[in-house]
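For reference, the structure is listed below as structure tokens.
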Amino acid sequence: MTTDVPSSLGAVTVTRGRTGRGSGRRRYQGREVAWAYAFVAPAIILFAVMGVYTLFWGLQLSFVRWNGLTPTWIWVGVQNYLDLLWASPVFSPPVRAAATNTVWVMIAAPLLTVVISFPLALALNRTRRFVGLLRSVYFVPYITTGIAVYLAWQYVLEPNGAINTLLGALGLGSLAQPQGWLGNPDTALPTLIMIMVWSAVPVATLLYLTGLQTIDPALTEAAQIDGAGWWRVNLSVVWPLLRGITAVIVLLNLRDALQGFQIFLIMTDGGPGDHTNVLGLQTYRLAFQSELAPTLGLASALGWMLFVAALVVAVVNFRVTRER
Amino acid sequence: MNRYLRRTARTCLSIATILALASAATACSPGGDDQANGDNLTMWTFKQSHVAALQKAAETFKQKTGIGVTVEAITPDDAFLARVQAAAQTRSLPDVFEVHTNGDDFTFGAAGLLEDLTEEATWTSRYLPSVAAEGTVTERYYKQSQEKGAKSAGIKLNQRFSVPLTIGTFGIVYANKERLTAAGVTGSPKTWEEFVAALAAVRKVRPDDGGMSIGFQAPTTGMEWLMQPMAYGKLGKEGFTGLFSKDPAKNWTSPSGRAVLETYDQVTPYWMPGTQTLTIDDADIAFAQGKSSFAIGGTFTLAFLVQNGMKAENIVTFPVPSPSGGAVPDLSLAPFALTGLSVSATTGNKDGAVKWLDHLAQPEVAAQFAKDALDVPPVDLGGDPTATLGPVLGAMIGSFGSGAQAYNPGDTTHQPPSYDAAVVARSLMELTPLKKADVPTAGAGLQKIIDGYWAGK
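Residue numbers (our numbering), protein chains in the order written: chain A, 1 to 324; chain B, 325 to 781.
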């Protein structure tokens, strides 16, 4: 039975009760609907305040000049966006440099994650002994990633750290970095990308493993009967079947590369100089590291540009995976 | 689900939900309880090393007035400023702040967050004359606030937004005395050339740990603590201020600017490996632990070094020296107020807050605070501060200079109004220590940014 609630609560058609064909429907009492609204209201209010309101407040902020303290804003319109893109000789050069670094991270981190995690998942899937132990070991970087791990990496990477010491012990001292791996402007960004990959590989491997276990063994057995070797089976049969998972992994890593900045803030703060600055960190700098200069609007504008970029990436990814 | 709940249960659940939301809302105003209670003041500082000393001073204040003070440290500076921004929006500011004098205080004051203490600060005669007016909007700060893009836009002439708490200066070189002696350097360098020679001598004897550390992760350290004092000594006040101007005959692209950069670049071979990745504290700790033989800091660095195990008697300190033939051959450093105390405009107990500021300016309280925090107080402690504060802090006070021969890092009136030193200093790092740019390229890079600030962009 379908019916309407009393007009004071708005015309809402509701269904309840048993599922299945022929299940009965009844008219809810006004009191029941009121209680339903009362229970949902906190979530709606929270979403309205924490989500919708802040979203539009942030959008409005991107068109003003403000330092977070003064009672009034100065409306500047789209000038914040123009300043970040090209108009300001102070703000646009670091944004462009950060964008270049961000693009490198967006290319390298997902690519390396896939290149490492797919073979690793294949190997783990074939392992017969110590499977649980090995999976746990490979998953450790994910569950321990955080400030403590980044600080630990700093010690490993410093001039007298473990990596330089190890290289020296192996007779590869010429590869060591006398200024530390984060102190050399040429190695700092690649080093941070490797740590990001190290953090991302566990989840990617787990996703690939899950995908591998859903593949019907008959498919790979058929390929083997047709004479395909291990490489051929994995590249021509397994890899295409896991393309959807690859798309998810790439998307997750692209999102991290575009919006994540914790590793850059904690390990280098964008240094040495400005050589590991990325767009996420530049947004943080404009918001909270500008010594109360009125740059919160610029930070918001950069945040919105990042949001649009992330949206484009998501749409492209969606279309690519849908076509497949 | 609701039809399975009894009426009383539903009522209880509703009340619980309302209470939970209400408590969440009230939790958004952390200072509420304290501010509502006139017998207790809240104070925020961004210096962890000041907390214990302030709490000790608060004990005597409580005995004297009956008013307690709860001191909270919020570090680092960025987190402190972000917290103030958030508290300003929710009107949950503390009663008293510690602020960067002639910086945060003017910005907060311009935003209406602080009380004007012009009438209340009746004790400023207790301060050293050179810093007594710090925290007051003088003609030069008022003029600066009227420039386009100024952070302090809105302040008015003669307003006082803070009173000094600590004074000092940047540009102090700390050297390991034993290592200097072992390298044959027996006296403090008197010129920049002698300083570079001392760096070379120690590095020659100790190739692994003979270098100089500074916390380049905060890039302003290299620029403001080392290069700028040297530049002032080399060019004099007029030449130095010209570096930050729009005039190509005087600024960083001029022959004078290039000469300063070439001189600064002379220290490049002597940086401690990896110093470009260190924070300020890390760089000081490296010196205290013997990983470097020189460190650059300020008067405030001494306390941190001692706290981290460095023996004071093994430290040689001297101001960054002037190059030979420089415009100011006997360069000294003028003290200025580093931090001050401000009263929030939203305090419910202004009288109590002002009494607390007055209490901290009492000579005996200031002296005790200085000894507890190992920081230099602004209060005039007489002709022999060593007798009151001990030899280390006393000697530091004795090294201060004044007049045209003294470089004052606190005077920033020659800089563009919206100048962000961190942005400029990151560009300078390309020259040293990173060696990614030569002198002309580095000079052009600095000037491009500074011109942008002058243009108000």
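Backbone N, C-alpha and C fix where the C-beta goes; we use that ideal spot for every residue, glycine too.
- DSSP assignment within the region 61 to 112 of chain A yields the following whole alpha helix (DSSP H) runs of 4 residues or more, N-terminal first: 79 to 82.
- Listed along chain A are ASN67, LEU69 and LEU292, each with a C-beta nearer than 8 Å to that of THR431 (chain B).
- Contact annotation, GLY718 (chain B) with LYS695 (chain B): C-beta distance approximately 11 Å; criterion of less than 8 Å not satisfied.
- In the DSSP assignment, ILE496 (chain B) falls within the unbroken beta strand (DSSP E) covering 494 to 500.
- Annotation: Cβ neighbours of THR268 (chain A) in chain B (cutoff 8 Å, chain order): GLN541 and THR601.
- Under the Cβ criterion (8 Å, minimum of three pairs), the region 44 to 53 of chain A does not count as touching the region 377 to 395 of chain B.
- Exclusion of the five residues before and after PHE421 (chain B) leaves TRP368 and SER666 as the residues of its chain whose Cβ lies within less than 6 Å of its Cβ.
- Note on ARG96 (chain A): under 16 other CB atoms within 10 angstroms of its CB, so exposed under the neighbour-count rule.
- Taking CB atoms only, PHE288 (chain A) has a neighbour in chain B less than 9 Å away.
- The contact set of GLY622 (chain B) on chain A, defined by CB atoms closer than 7 Å, is empty, because the minimum CB distance reaches about 17 Å.
- Residue range 639 to 643 is occupied by the beta strand (DSSP E) that includes PHE642 (chain B).
- Excluding its 5 nearest sequence neighbours in each direction, PRO178 (chain A) has C-beta neighbours in its own chain below 7 Å: PRO159, listed in chain order.
- Counting C-beta pairs closer than 8 Å gives fewer than three between the region 670 to 684 of chain B and the region 570 to 579 of chain B, which falls short of the contact rule.
- Less than 9 Å separates the beta-carbon of MET554 (chain B) from that of VAL584 (chain B).
- Residue pairing of PRO488 (chain B) in beta bridges, as defined by DSSP: B:GLY664.
- In the three-state reduction of the DSSP assignment, THR425 (chain B) falls in the coil class, being assigned neither a helical nor a strand state.
- Pairing ALA685 (chain B) with LEU705 (chain B) gives a Cβ-Cβ distance that is not under 9 Å.
- If you check the CB distance, ALA730 (chain B) and SER646 (chain B) do not come in under 9 Å.
- By the rule that beta-carbons nearer than 9 Å mark a contact, ASP274 (chain A) touches chain B.
- Nearest CB-CB separation between ILE773 (chain B) and chain A: below the 9 Å threshold.
- Shown here, GLY508 (chain B) sits in coil according to DSSP, grouped into three states, outside any helix or strand.
- ALA222 (chain A) counts as exposed, since fewer than 16 other C-beta atoms from the protein chains shown sit within 10 angstroms of its C-beta.
- Not a single CB atom of chain A sits nearer than 9 Å to the CB of LEU585 (chain B).
- DSSP, read as helix, strand or coil, puts ALA730 (chain B) in strand.
- The C-beta of PHE130 (chain A) has fewer than 16 other C-beta atoms within 10 Å across all chains shown, which makes the residue exposed.
- Put simply, the region 134 to 146 of chain A does not touch the region 563 to 575 of chain B. Fewer than three CB pairs are less than 8 Å apart.
- For GLU158 (chain A), the residues of chain B that pass the 7 Å Cβ criterion are GLY598, in the order they occur in the chain.
- Runs of the alpha helix (DSSP H) lying entirely within the region 535 to 606 of chain B and spanning at least 4 residues, in chain order: 552 to 566 and 579 to 589.
- Distance from the CA atom of ILE225 (chain A) to the CA atom of ALA309 (chain A), rounded to whole angstroms, is 46 Å.
- Residue-level contact check: GLN282 (chain A) does not touch chain B, since none of the beta carbons of chain B fall below 9 Å from its beta carbon.
- Rounded to whole angstroms, the gap between the alpha carbons of LEU189 (chain A) and LEU698 (chain B) is 39 Å.
- Pairwise C-beta distances place the region 483 to 497 of chain B out of contact with the region 598 to 614 of chain B, as fewer than three of them are shorter than 8 Å.
- TYR81 (chain A) is classed as buried because its beta carbon has at least 16 other beta carbons within 10 Å across all chains shown.
- In the three-state scheme derived from DSSP, where H, G and I count as helix and E and B as strand, GLY621 (chain B) is classed as strand.
- For LEU279 (chain A), the enclosing alpha helix (DSSP H) begins and ends at 279 to 288.
- Annotation: SER742 (chain B) to THR187 (chain A) spans about 33 Å, alpha carbon to alpha carbon.
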